[in-house]
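The opening position of the sequence shown corresponds to residue 2 in my numbering, with each subsequent residue numbered one higher.
Worksheet: the structure to be examined is printed underneath.
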Amino acid sequence: MATILDLPDEIHLLIAKHLQTETKTKTIYSLIRVCRSFYSSYIPCLWSELVVQPEKGNAILEQVVRTNAHLVETVTLSPNQPSEYYIIDFPRLHSLRLESSFGDKRKPCYSNILLAHKIDFVRRHPFIRTLICGHKDAMLREFWEVIGTEWTHLEVLNFSGVVKENVQDAFWRVCDQVQCLSLWNVNILPEHTPILSTLSFHRLQKLAVSKYAWSNKFPYRGWPSRLLEQVKMSPGLKRLRWSVSDIMFPVQRFHEMLAEDGCWPALCELDIDDAKWTDQGGAEMLRLLPSRRLTAYVRTAGGRMESLTFNCLKEMYFGHLRELNVRRCKGITSVMVQEILTECVHLVHFEAAHIFVRDIATASKPWGCLQLERLVIYIAKEPKGKAEWEGRVFEQISRVRRLLVLDLQRPCTVNDADRVDPNSMDSLDLRLPCFRLKDSSNTIDGVEAEEEGDSIGDERGANISCWSSLVQLQQFKFNSDRKTFGVDEALWMVEHWKDLRFIVGLSRHNEGRKVEQLMTKAGVWCSKY
Numbered sequence: 002m003a004t005i006l007d008l009p010d011e012i013h014l015l016i017a018k019h020l021q022t023e024t025k026t027k028t029i030y031s032l033i034r035v036c037r038s039f040y041s042s043y044i045p046c047l048w049s050e051l052v053v054q055p056e057k058g059n060a061i062l063e064q065v066v067r068t069n070a071h072l073v074e075t076v077t078l079s080p081n082q083p084s085e086y087y088i089i090d091f092p093r094l095h096s097l098r099l100e101s102s103f104g105d106k107r108k109p110c111y112s113n114i115l116l117a118h119k120i121d122f123v124r125r126h127p128f129i130r131t132l133i134c135g136h137k138d139a140m141l142r143e144f145w146e147v148i149g150t151e152w153t154h155l156e157v158l159n160f161s162g163v164v165k166e167n168v169q170d171a172f173w174r175v176c177d178q179v180q181c182l183s184l185w186n187v188n189i190l191p192e193h194t195p196i197l198s199t200l201s202f203h204r205l206q207k208l209a210v211s212k213y214a215w216s217n218k219f220p221y222r223g224w225p226s227r228l229l230e231q232v233k234m235s236p237g238l239k240r241l242r243w244s245v246s247d248i249m250f251p252v253q254r255f256h257e258m259l260a261e262d263g264c265w266p267a268l269c270e271l272d273i274d275d276a277k278w279t280d281q282g283g284a285e286m287l288r289l290l291p292s293r294r295l296t297a298y299v300r301t302a303g304g305r306m307e308s309l310t311f312n313c314l315k316e317m318y319f320g321h322l323r324e325l326n327v328r329r330c331k332g333i334t335s336v337m338v339q340e341i342l343t344e345c346v347h348l349v350h351f352e353a354a355h356i357f358v359r360d361i362a363t364a365s366k367p368w369g370c371l372q373l374e375r376l377v378i379y380i381a382k383e384p385k386g387k388a389e390w391e392g393r394v395f396e397q398i399s400r401v402r403r404l405l406v407l408d409l410q411r412p413c414t415v416n417d418a419d420r421v422d423p424n425s426m427d428s429l430d431l432r433l434p435c436f437r438l439k440d441s442s443n444t445i446d447g448v449e450a451e452e453e454g455d456s457i458g459d460e461r462g463a464n465i466s467c468w469s470s471l472v473q474l475q476q477f478k479f480n481s482d483r484k485t486f487g488v489d490e491a492l493w494m495v496e497h498w499k500d501l502r503f504i505v506g507l508s509r510h511n512e513g514r515k516v517e518q519l520m521t522k523a524g525v526w527c528s529k530y
């Protein structure tokens with residue numbers, strides 16, 4: 002039979018407090034059963050992911066880790082951890098993250114962790130499915146050979162670091178075995194890679210080649226293009242990401258490969274970062290896709306997206322798109338954005354530069370993208386717009402009830418498609434209706450009130466209070482260029498958005514600081530940018 006000794010020490014005092022009263026024995030037993038159930042589910046969840054950062058003073062004792070190693074599924078090992086952590090066996094481990102940076106070499110405990118420790122660790126854990134490796138030091142050939150020969154379940158490789166000449170064969174053979182390959186800021190020394198021509202990448206489903214613009218110490222030259230050429234016969238490739246700052250995306254060669262028989266029959270997700278991409282080139286590429294089921298189209302760096310590309314998307318892919326990011330594209334208009342939101346019924350993630358309140362309010366059809374989880378767009382109010390239009394915008398967004406992220410901030414770049422600059426216009430008024438009326442009464446005299454009567458009557462339309470339907474919202478971003486957010490609005494959000502964890506756009510004034518204190522107390526991280 003269960004006794005009080007079955008309970009953790011920290012609640013013994015709680016039990017003793019109840020025992021001082023005439024509490025029935027069965028109540029105590031119920032509490033014991035609840036605690037047992039809680040521990041049986043909570044403890045495995047707590048230990049499923051292990052991240053130890055000794056430099057932050059929160060290192061977990063090695064013996065405690067060893068005791069709970071059978072519960073760990075994901076491990077992050079930094080070069081500053083004592084070597085004892087590398088000799089622990091994690092029987093359920095399926096995800097491993099190995100990280101280091103140039104700054105780590107200056108830390109006193111860095112030299113204690115040798116590459117030999119990492120090699121021994123990967124040899125003892127052959128069932129890992131995901132490897133995220135960010136190393137500034139070149140990994141030994143033996144490290145990649147062990148992974149290539151003994152890891153039979155590896156599916157995901159995310160690598161950043163240095164690959165020397167004597168390591169290239171072993172490294173590329175590991176890349177040839179995975180389903181998802183992401184190479185970011187990779188330095189190939191030298192870039193001559195004859196091994197690539199012998200590989201098939203037959204299991205590859207997702208390929209990402211990235212290099213940050215500020216990372217120019219090791220410029221890319223030709224290996225990304227050769228890799229793209231080599232994977233053209235990967236039958237299962239579904240997603241392609243290219244974000245290389247010092248190499249233009251080979252548009253013409255890409256078109257030629259798409260036209261070849263058997264090239265990427267399953268390709269349905271494109272994430273291309275090339276600011277010089279033309280409208281005609283984008284349309285031609287979309288028409289050449291063999292799958293005819295484009296579900297993701299991301300143009301991170303922009304380029305031109307005008308009528309040719311838009312019409313091609315509309316004719317062929319609006320019924321399939323789930324992810325669309327054209328926020329930095331030149332040429333896309335507010336009318337186009339409204340049509341996307343209306344017709345793309347499967348959209349889950351959408352980003353665009355701007356849309357006018359007028360185009361939302363006067364549309365003949367409501368938005369069809371009711372599955373949206375992430376919406377990033379600046380909603381601009383034109384100076385002569387009708388007051389009730391803004392209320393219709395609030396109502397429209399309130400129907401998108403699956404939203405997790407709502408970002409209404411202005412874009413960094415100015416779109417040249419519409420004749421007027423949306424960045425010079427007002428944002429949505431996020432105040433509750435009583436404060437809108439008070440502000441209008443204080444700032445509009447009799448003559449202005451007659452000319453702008455709609456502004457005073459704005460409280461009659463919908464406002465931010467109808468967004469109480471967005472119960473899943475976790476992130477909210479807006480512009481703090483005017484007084485559109487105060488303590489009352491913050492209290493309203495805390496009450497209705499229980500899952501809110503991140504808010505951006507608070508004012509720098511006194512009320513903004515009060516709002517920040519209120520949000521922080523509610524567990525919401527705040528930022529003014």
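Glycine residues also receive a C-beta, built at the ideal position from the N, C-alpha and C atoms.
Start and end residues, beta strand (DSSP E) containing residue i
i: Asp-408; result: 406-408
i: Gly-159; result: Note on residue identity: the sequence assigns Asn, not Gly, to residue 159. Where Asn-159 is concerned, the enclosing beta strand (DSSP E) stretches over 157-164.
i: Asn-186; result: Taken as a continuous stretch (DSSP letters only), Asn-186 belongs to no beta strand (DSSP E), as it is neither H nor E.
i: Phe-486; result: No beta strand (DSSP E) contains Phe-486, which DSSP labels as neither H nor E.
i: Val-179; result: No beta strand (DSSP E) holds Val-179; DSSP gives it neither H nor E.
Contacting residues, own chain, Cβ-Cβ under 7 Å from residue i (five flanking each side not counted)
i: Cys-176; result: Leu-158, Leu-182
i: Ala-117; result: none
i: Ile-361; result: Gln-339, Arg-393, Val-394, Gln-397
i: Asp-274; result: Trp-243, Ser-244, Thr-301, Ala-302
i: Trp-152; result: Pro-127, Ile-129
Own chain, CB closer than 6 Å to residue i, minus 5 neighbours either side, in chain order
i: Val-406; result: Arg-375, Gln-476
i: Phe-319; result: Glu-344, Cys-345
i: Trp-468; result: Ser-399
i: Gly-548; result: This structure cannot settle anything about residue 548, because the visible part of the chain is limited to 2 through 530.
Cβ distance (whole Å) where residue i is taken to contact residue j below 8 Å
i: Ser-244; j: Thr-301; result: 6 Å
i: Val-164; j: Phe-144; result: So it is not a contact: roughly 11 Å between Cβ atoms.
i: Lys-233; j: Met-258; result: 5 Å
i: Asn-167; j: Arg-142; result: 6 Å
i: Gln-410; j: Phe-486; result: About 13 Å separates the two Cβ atoms, so there is no contact after all.
i: Ile-378; j: His-355; result: 7 Å
i: Val-179; j: Gly-162; result: That belief does not hold up - the Cβ atoms of Val-179 and Gly-162 are roughly 16 Å apart, past 8 Å.
Residues bridged to residue i [DSSP beta-bridge criterion]
i: Lys-478; result: Asp-408, Val-505
i: His-95; result: In the DSSP output, where bridge partners are listed per residue, His-95 has none listed.
i: Trp-526; result: Phe-503
i: His-71; result: Answer is none; His-71 lacks a bridge partner.
i: Lys-331; result: Arg-305
i: Glu-50; result: Thr-75
i: Ala-544; result: With the chain covering only 2 through 530, there is no way to say anything about residue 544.
i: Arg-375; result: His-350, Val-406
DSSP-derived helix/strand/coil call for residue i
i: Glu-460; result: Any reading at Glu-460 must be qualified, since the residue scores a pLDDT of 43, below 50, and its modelled position is unreliable; no value is offered.
i: Gly-386; result: coil
i: Gly-135; result: strand
i: Tyr-318; result: coil
i: Phe-103; result: Only weak support exists for where Phe-103 lies, its pLDDT of 48 falling under 50; the value from the coordinates is given anyway. Phe-103 falls in the helix class under three-state DSSP.
i: Arg-242; result: strand
i: His-256; result: helix
i: Glu-192; result: coil
i: Arg-514; result: helix
i: Ala-297; result: strand
i: Ser-442; result: Low per-residue confidence applies at Ser-442: pLDDT is 45, beneath 50, and the placement is therefore not dependable enough to give any value.
i: His-350; result: strand
i: Leu-429; result: coil
i: Glu-261; result: coil
i: Ile-61; result: coil
i: Ile-273; result: strand
i: Leu-290; result: coil
i: Leu-268; result: coil
i: Val-498; result: Reading off the sequence shown, one finds Trp at residue 498, where the question assumed Val. In the structure shown, Trp-498 sits in coil (DSSP, three-state: anything other than H, G, I, E or B).
Residue i - containing alpha helix (DSSP H), residue span
i: Leu-208; result: Taken as a continuous stretch (DSSP letters only), Leu-208 belongs to no alpha helix (DSSP H), being part of the beta strand (DSSP E) at 207-212.
i: Trp-173; result: 169-176
i: Ser-226; result: 224-231
i: Phe-202; result: Where Phe-202 is concerned, there is no enclosing alpha helix (DSSP H), given that its DSSP letter is neither H nor E.
i: Arg-359; result: 358-362
i: Glu-143; result: 142-151
i: Leu-325; result: Unbroken run through Leu-325 is the beta strand (DSSP E), 324-326; no alpha helix (DSSP H).
i: Leu-116; result: 116-124
Residues of its chain near residue i, where Cβ-Cβ distance is below 8 Å and the 5 sequence neighbours each way are ignored
i: Arg-403; result: Leu-371, Gln-372, Leu-373, Glu-374, Gln-473
i: Ser-466; result: Leu-433, Pro-434, Trp-493
i: Glu-63; result: Pro-83, Glu-85, Tyr-86, Ile-89
Residue-chain proximity (residue i, chain B), Cβ-Cβ < 8 Å
i: Val-73; result: Protein chain content of the structure displayed is limited to a single chain, and chain B is not contained in it.
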